[in-house]
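Notes to accompany the following structure.
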Amino acid sequence: RLHARKAERLAPLRARGGIEARGIHQGLVPIELMTTEVAEAVNGADLIMLVVPSVAHAHYARALAPLLDGHQPIFINPGHTGGGLHFLQELRHAGYRGRVRSCETVTLTYITRMEAPAVVNIYSYTKRLRFAALPGKETAALYALLKPLYPEILQASSVLETALSNLNAIFHPEGMIMNAGWIQHTGGNFLFYREGFTDAVGRVTAAVDTERLAVAKALDIPASPFIDVFFEAGLTSKAAHESGDISRACLESEPNKTIKSPPSLDHRYMHEDVGYGLVPIAALGRLAGVATPTIDALVHIAGLAIGIDYARDGLTLERLGLSGKSPAELKRFVETGE
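Going by the working numbering, the first residue of the sequence shown is number -11, and it counts up by one from there.
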């Protein structure tokens, strides 16, 4: 079953009878039910899966709050940086007080782009994809449920590990901000990864990654360097990985080689990856007592460029439900949910 907020988004899929897949999957994928009613989509479902940008998590929390019974698992695909924590906090704000069984991946389970209103090109599965549940005590059960559907998932220690492994937040903002003139002048008519990630962009990305790793270390959360995760996900060559050069890793990213830049700065690479990616990493840094000057600068410059106060309106500690918590309280909360 498939839910969309607008009937016009479903109209071309209804006309085809489903979604046309290209790439590693070929042919028409039929859909039993397409609806704009959330209740109709989730009634009696074995699994509720949110495949939406982070900015939509609050909307779906409000829509699902009166419909949940505490038994249906919710798979946030992807969770990005703190998606499960944010979704839980929004459920509570919407008045839901029952049990929540959520799980999440770091990034989307497929590397894919929509080529037409009812056509997707699936370039590959995301390899060695970190997966965790909230509360953490549910991870083993939900991993067993999802593993047959997505064989590439790997159990992470907690949703804090998945949150601090969000590749998109680590390199998309630099690609957007440092190529802002090119994006606006050409309408995004260049290859974002192959042409946009010069050595200068790569060096700033490396600085962001260093700060992220420092936050993870202070919170005693497992974390791997960006280039290791990028390689493990199947996104670059072995030679680029061994070089340690982030710019080269992007240049030699086979799954991303044909992907063009966003056509404008008004895009999820800014709204999601800055406001819901970099902002919560910096927030976790403050909780842990770790400075994040490069991340803070990017958040500030992105806000100036697009006219949005991301530091205020993004995914803050308060919106994650973590305001006032110590590192020990944070880790206990993500494990027990209490």
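Even glycine gets a Cβ: it sits at the ideal position worked out from N, Cα and C.
Cα-Cα, which of the options is closest to residue i?
{"i": "GLY163", "options": "GLY32, SER153, SER235, ALA279", "result": "SER235"}
{"i": "ILE215", "options": "ALA206, HIS255, GLU230", "result": "GLU230"}
{"i": "ALA128", "options": "LEU137, ALA144, GLY277, LEU117", "result": "ALA144"}
{"i": "ILE296", "options": "ALA316, LEU223, ASP254", "result": "ASP254"}
{"i": "LEU96", "options": "PRO136, ASN156, LYS205", "result": "ASN156"}
{"i": "PHE119", "options": "HIS13, SER225, ARG191, GLY67", "result": "GLY67"}
{"i": "ALA104", "options": "ARG10, HIS81, LEU130", "result": "ARG10"}
{"i": "VAL278", "options": "ALA46, LYS125, ALA204", "result": "ALA204"}
{"i": "THR324", "options": "VAL287, GLY176, ALA121", "result": "ALA121"}
{"i": "ALA82", "options": "ILE36, ALA188, ALA53", "result": "ALA53"}
{"i": "GLN60", "options": "LEU286, GLU126, THR224", "result": "GLU126"}
{"i": "LEU207", "options": "VAL43, ARG320, PRO18, PHE75", "result": "ARG320"}
{"i": "ALA276", "options": "LEU305, ILE165, TYR257", "result": "LEU305"}
{"i": "VAL108", "options": "PRO0, ALA44, VAL43", "result": "PRO0"}
{"i": "ILE289", "options": "ALA316, HIS259, TYR84, SER90", "result": "HIS259"}
{"i": "ARG274", "options": "PRO243, LEU310, TYR257", "result": "LEU310"}
{"i": "VAL43", "options": "ALA27, LEU134, GLU78, VAL26", "result": "GLU78"}
{"i": "GLY263", "options": "TYR298, ALA316, ALA293", "result": "TYR298"}
{"i": "ALA46", "options": "ARG307, LYS313, TYR138", "result": "ARG307"}
{"i": "LEU137", "options": "ASN65, GLU149, THR150, ILE294", "result": "ASN65"}
{"i": "GLY58", "options": "GLU(-4), SER90, ILE209", "result": "SER90"}
{"i": "HIS13", "options": "ALA168, ASP34, TYR98", "result": "TYR98"}
Considering only DSSP beta bridges, list what residue i is partnered with.
{"i": "CYS91", "result": "PHE63, ALA121"}
{"i": "ILE209", "result": "In the DSSP output, where bridge partners are listed per residue, ILE209 has none listed."}
{"i": "TYR98", "result": "TYR113"}
{"i": "GLY295", "result": "In DSSP, GLY295 forms no bridge with anything."}
{"i": "ILE36", "result": "ILE62"}
{"i": "ALA53", "result": "Beta-bridge pairing links ALA53 to no other residue."}
{"i": "ALA104", "result": "VAL107"}
{"i": "LYS226", "result": "None; LYS226 has no bridge partner."}
{"i": "LEU179", "result": "LYS248"}
{"i": "THR23", "result": "HIS(-9)"}
Our contact map puts residue i next to residue j with C-beta atoms below 8 Å; I'd like the distance itself, whole angstroms only.
{"i": "ALA(-8)", "j": "THR24", "result": "6 Å"}
{"i": "GLY6", "j": "LEU16", "result": "5 Å"}
{"i": "LEU55", "j": "VAL88", "result": "That pair is no contact at about 13 Å."}
{"i": "GLU92", "j": "VAL147", "result": "6 Å"}
{"i": "ILE171", "j": "SER241", "result": "Their Cβ separation, rounded to whole angstroms, is 19 Å, which puts ILE171 and SER241 out of contact at 8 Å."}
{"i": "LEU303", "j": "GLY72", "result": "LEU303 to GLY72, Cβ: 12 Å. No contact."}
{"i": "THR282", "j": "ILE269", "result": "11 Å between Cβ atoms; not a contact."}
{"i": "ILE110", "j": "PHE180", "result": "Rounded, the Cβ-Cβ distance is 19 Å, inconsistent with contact."}
{"i": "PHE352", "j": "THR193", "result": "Look at the range of the chain in this structure, -11 to 326, and you will see that residue 352 is not part of it."}
{"i": "VAL40", "j": "TYR48", "result": "7 Å"}
For the alpha helix (DSSP H) that residue i lies in, which residues bound it at each end?
{"i": "MET166", "result": "From DSSP, MET166 is part of no alpha helix (DSSP H); its letter is neither H nor E."}
{"i": "LEU133", "result": "127 to 134"}
{"i": "ILE234", "result": "234 to 239"}
{"i": "GLU260", "result": "Per DSSP, GLU260 belongs to no alpha helix (DSSP H) and is neither H nor E."}
{"i": "LEU272", "result": "267 to 276"}
{"i": "PHE330", "result": "Given that the chain is displayed from residue -11 to residue 326, the structure contains no residue 330 and the question cannot be resolved."}
{"i": "LYS319", "result": "315 to 324"}
{"i": "ARG385", "result": "Any question about residue 385 goes unanswered here, given that the chain covers just -11 to 326."}
{"i": "THR280", "result": "It is not in any alpha helix (DSSP H) - THR280 carries neither H nor E in the DSSP assignment."}
{"i": "LEU79", "result": "71 to 81"}
{"i": "GLU149", "result": "147 to 151"}
Could you confirm whether any beta carbon from chain B is found closer than 8 Å to the beta carbon of residue i?
{"i": "VAL39", "result": "The chain inventory of the structure shown lacks chain B, comprising one protein chain alone."}
Considering just the uninterrupted stretch of the beta strand (DSSP E) at residue i, what are its terminal residues?
{"i": "SER112", "result": "107 to 113"}
{"i": "ALA44", "result": "First-last for ALA44: undefined, no H or E at that position."}
{"i": "VAL17", "result": "15 to 18"}
{"i": "SER8", "result": "Here residue 8 turns out to be Glu, not Ser, going by the sequence shown. Segment 6 to 11, the beta strand (DSSP E) holding GLU8."}
{"i": "ILE141", "result": "141 to 143"}
Can residue i be considered in contact with the ligand ADP, in the sense that its beta carbon sits closer than 7 Å to one or more heavy atoms?
{"i": "LYS205", "result": "In the structure shown, the ligand ADP is absent, as is every other ligand, since no ligand is present at all."}
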